[in-house]
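These notes concern the structure reproduced below.
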Amino acid sequence: MYNFLKIFLLLLSFLTILMASEIPLDNTTKGFSLLEKSRIYIDHNATTEPMAIIQKSHLFKKSNQSALNLGATREKVWVEIKLHNQESYAIKKILLLKDPSLEHIYLYNQKGELLQKTGVIEYQPPQQTLFFYLPIELEANEHKTLYLEIYNEYVPLGFSLFLEDEKEYLHADSLEQMVDIFLLGMISALVLYSVVMGVYLKEASYFFYALYLSTLLYMMFAYLGFSPLLFSKSFTLVDLHLTIYRVYS
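Numbering (our numbering), first residue to last: 2 to 250.
Right under this line is the structure:
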């Protein structure tokens, strides 16, 4: 009897821990920070096959961070996300990654099957939002475990992860783009003004100022996430490869 009770308590504890690691969802869930509620694993080897990592659940540790910043590294970040749809009907959400410079983003299921991919290198044109996101769907009362594989080759790695409603995010992103375009337009106007003044006054300092503002404008396009929106993917990839010269030269 004692052994039976001991086994029962251990099993109950295991199930409690398992359920506690799940993130409950309903139709109103949005703006939810996932990273601090998930488990992560840093693959220092960066060559391990996805299934080999997914099968080793003990590798993943509780994050407790709302954002992750690894700096300049080629290490791969794995995020284990356990979700539970508490509704009696299917719901759709998006996994939103808040960093426009993420190069490789892969989404796997528990079987190690690649579901989706995106990122500066992996996205399929046309890109319409400043940040990359992955749509997901959970059936009624479904328990689902997903895995994100994220890494960069050229720029520092850092991001935060949110669960959002797609329609609301697209609306918010449109407003953010309008504000950013207004600010970039002001800088563009200053570039044009400096060139006109340089020609009119025949003063070289205005041309240097215009060159400085043009460089700033170019950097802001990439920093704010506008490069994939406004330029072709081939240009974006060339720009990404030039980053190593901007950072390390």
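Don't be surprised by glycine CBs; every beta carbon is placed ideally from N, CA and C.
Since the model is a prediction, treat every value here as computed from it, not as a measurement.
Asked, Found
"Expected contact under 8 Å - CB spacing of S161 and K99 to nearest Å", "4 Å"
"Uninterrupted beta strand (DSSP E) stretches inside the segment 15-91 (no shorter than 3 residues)", "24-26, 40-44, 69-72, 77-86"
"Helix, strand or coil at F9 according to DSSP, with G and I counted as helix", "Caution is warranted here: a pLDDT of 46 is assigned to F9, below 50, making its placement in the model unreliable, and no coordinate value can be reported."
"C-alpha distance - G72 paired with V200, whole-angstrom precision", "43 Å"
"E165 and L97 closer than 8 Å at C-beta", "yes"
"Counted within 10 angstroms of its Cβ, other Cβ atoms place V239 as buried (16 or more) or exposed", "exposed"
"Cα-Cα separation between F132 and G226, rounded to whole angstroms", "7 Å"
"Residue of V156, Y42, D181 minimising C-alpha distance to S102", "V156"
"Delimiting residues of the beta strand (DSSP E) encompassing Y124", "Premise fails: Y124 is in no beta strand (DSSP E) and is neither H nor E."
"Rounded straight-line distance, which links the Cα of S175 to that of Q129", "9 Å"
"Host beta strand (DSSP E) of T119 (start-end)", "115-119"
"Coarse secondary structure for G199, derived from DSSP in three states", "helix"
"Given 8 Å, three or more beta-carbon pairs between the segment 184-203 and the segment 136-149", "no"
"Exposure label - N153; buried when at least 16 CB within 10 Å", "buried"
"Candidates L35, T30, D27, N28, of which the one nearest L147 by Cα", "L35"
"Closest by C-alpha distance to F236, when choosing among T30, N65, V121", "V121"
"C-beta neighbour in chain D for Q128, strict 8 Å", "Absent from the structure is chain D; it holds one protein chain and no more."
"Check whether I43 and E81 have beta carbons under 8 Å apart", "no"
"Contacts around A205, its chain only, beta-carbon distance under 8 Å, and the 5 residues preceding and following it disregarded", "G199"
"Sheet register partners of H172 (DSSP bridge)", "Answer is none; H172 lacks a bridge partner."
"Own chain residues within Cβ distance below 6 Å of S89, not counting five before or after", "A141"
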